[in-house]
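Convert by adding 1 to the 1-based position in the sequence shown; the result is the number in the numbering used here.
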Amino acid sequence: MSGHSKWATIKHAKGVADAKRGQLFTKLTREIIIAVHEGGSNPDANFRLRLAIQKAKDSSMPSDNIERAIKKGSGETEGGSLAEMVLEGYAPGGAAILVQAVSDNRNRTVQDVRNIFARNGGSLSESGSVAWIFEQKGLIRVPINNQNSEELELLAIDAGAEDVKVEDGSLEIYTKPEDMERIRRALQEKNIPIDSSELVMNSKNMVELDEKAALQTLKLLDKLEELDEVQHVHTNADFAPEVVDKYKA
């Protein structure tokens, strides 16, 4: 399979810190609003909204917050004038970066993203320059705890997973986007706990970076994630575990 989403794994590990900064619920709310804009407020008829609601529930977002976000998206309350955008660029060392954002002011967001790239040794590039490197996949995380990881892997494969990987005490299950919900339900029916599920952009090829470029890239990715308007950041940078540990320290 193509390169696993290393940054998605690193970001997931620091999700608690994001929540403390008050950003997580804001990003989840915007994701729900955009999903409603795109396909309506009925989750049964809107695949993207179902995923957004499930992700919000996985992140312990209160039901009232979810309902308010749906109402904003459907125009029942003010605050739903948001639009999606995709920005592309390069990190120090040449790794590709794909930024998915939601904003009510495109020019401001583009400038903010451009400034972060420039201040951290990267560069914003033209549309289409790196998007072709990535392909969308479903990613389901199952905490291993005291379970047999090999048995979990076999269950995931039997349910239709494309690939599985053990990472930081979790089993990462990669699926086709359209199969993610079905596979999640199949695992839950076998009483397997689900930590989270989301759509990620996996790279068709990975770029190995030296330590200096890797540390600069991790800082750049973190700065991008800290922007309120940025929903998701994807890269094909391959980070060695010791580099990630050094950056966290």
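Virtual Cβ for every residue (Gly too), placed ideally from N, Cα, C. Bear in mind that the values here come from a model prediction, so they are computed numbers and not experimental data.
Exercise. Thr176 bridges to which residues according to DSSP?
Worked result: Bridge partners of Thr176: Gly139.
For this session: Please name the residue or residues paired with Leu153 in a DSSP beta bridge.
Result: Among the bridge pairs identified by DSSP, Leu153 is matched with none.
For this session: Go through its chain and collect everything with a Cβ distance to Ala97's Cβ below 6 angstroms, but skip five positions before and after it.
Result: If we look at Ala97 and ignore the five residues flanking it on each side, its Cβ neighbours are Val131, Ile134, Asn237.
Exercise. Does the distance from the C-beta atom of Gln217 to that of Gly90 stay below 9 angstroms?
Worked result: The answer is no: Cβ separation not under 9 angstroms.
Exercise. What residue ranges within the region 32-96 form continuous alpha helix (DSSP H) runs of no fewer than 4 residues, ordered along the chain?
Worked result: The DSSP assignment places 48-59, 64-75 as complete runs of the alpha helix (DSSP H) inside the region 32-96, in order along the chain (cut-off: 4 residues).
For this session: Report the residue from Glu230, Leu228, Lys213 whose alpha carbon sits nearest the alpha carbon of Gly95.
Result: Nearest of Glu230, Leu228, Lys213 to Gly95, Cα basis: Lys213.
For this session: Kindly give me the distance between the Cβ atoms of Glu226 and Val103, rounded to whole angstroms, as I take these residues to be in contact under 8 angstroms.
Result: Not confirmed; about 14 angstroms, so no contact.
For this session: Determine the direct distance from the alpha carbon of Ile193 to that of Asn147, and round the result to whole angstroms.
Result: Taking the straight line from one Cα to the other gives about 12 angstroms.
For this session: Quick one: using the 10 Å Cβ neighbour count with 16 as the cut-off for buried, is Asn43 buried or exposed?
Result: Asn43 sits exposed, since fewer than 16 C-beta atoms from the chains shown fall within 10 Å of its C-beta.
For this session: Give the straight-line distance between the Cα atoms of Ser6 and Lys249, rounded to the nearest whole angstrom.
Result: Using only the alpha carbons, I get a separation of about 18 angstroms.
Problem set entry | Terminal residues of the beta strand (DSSP E) in which Met207 lies | That residue, Met207, is in no beta strand (DSSP E); it is neither H nor E in DSSP.
Exercise. Rounded to a whole number of angstroms, what is the C-alpha to C-alpha distance between Phe240 and Gln189?
Worked result: Taken atom to atom, the span from the alpha-carbon of Phe240 to that of Gln189 is near 32 angstroms.
Exercise. Exposed or buried, which one is Glu173 when buried takes at least 16 other CB atoms within 10 Å?
Worked result: Around the Cβ of Glu173, a 10 Å sphere holds 16 or more other Cβ atoms; the residue is buried.
For this session: Using beta-carbon positions only, say whether Ala157 and Ile145 come within less than 9 angstroms of one another.
Result: Remark: C-beta atoms of Ala157 and Ile145 do not approach each other more closely than 9 angstroms.
For this session: Please say whether Gln137 and Pro178 have beta carbons closer to each other than 9 angstroms?
Result: Cβ distance < 9 angstroms, so Pro178 and Gln137 count as in contact.
Exercise. Under a three-way DSSP split, which group does Pro144 fall into?
Worked result: Residue state, collapsed to three classes: strand.
Problem set entry | Ile33 vs Ala9 beta-carbon contact at 9 angstroms | Going by C-beta atoms, Ile33 is not nearer than 9 angstroms to Ala9.
Exercise. Helix, strand or coil: which one does DSSP assign to Met2?
Worked result: Confidence in Met2 is poor, its pLDDT being 46 and thus under 50, which makes the residue's placement unreliable; the coordinate value appears in the next sentence. If DSSP states are grouped into helix, strand and coil, Met2 belongs with coil.
For this session: Give the range of the beta strand (DSSP E) segment to which Leu125 is assigned.
Result: Per DSSP, Leu125 belongs to the beta strand (DSSP E) from 124-126.
Exercise. If we cut at 9 angstroms on Cβ distances, does Thr218 have a partner in chain D?
Worked result: Of the protein chains in this structure there is only one, and it is not chain D.
Exercise. By Cβ distance below 6 angstroms, which residues in the same chain neighbour Thr110 in space, the five residues on each side in sequence not counted?
Worked result: Leaving aside the five residues that flank Thr110 on each side, the residues in its chain whose CB is nearer than 6 angstroms to its CB run, in chain order, Ala102, Ser104, Glu230.
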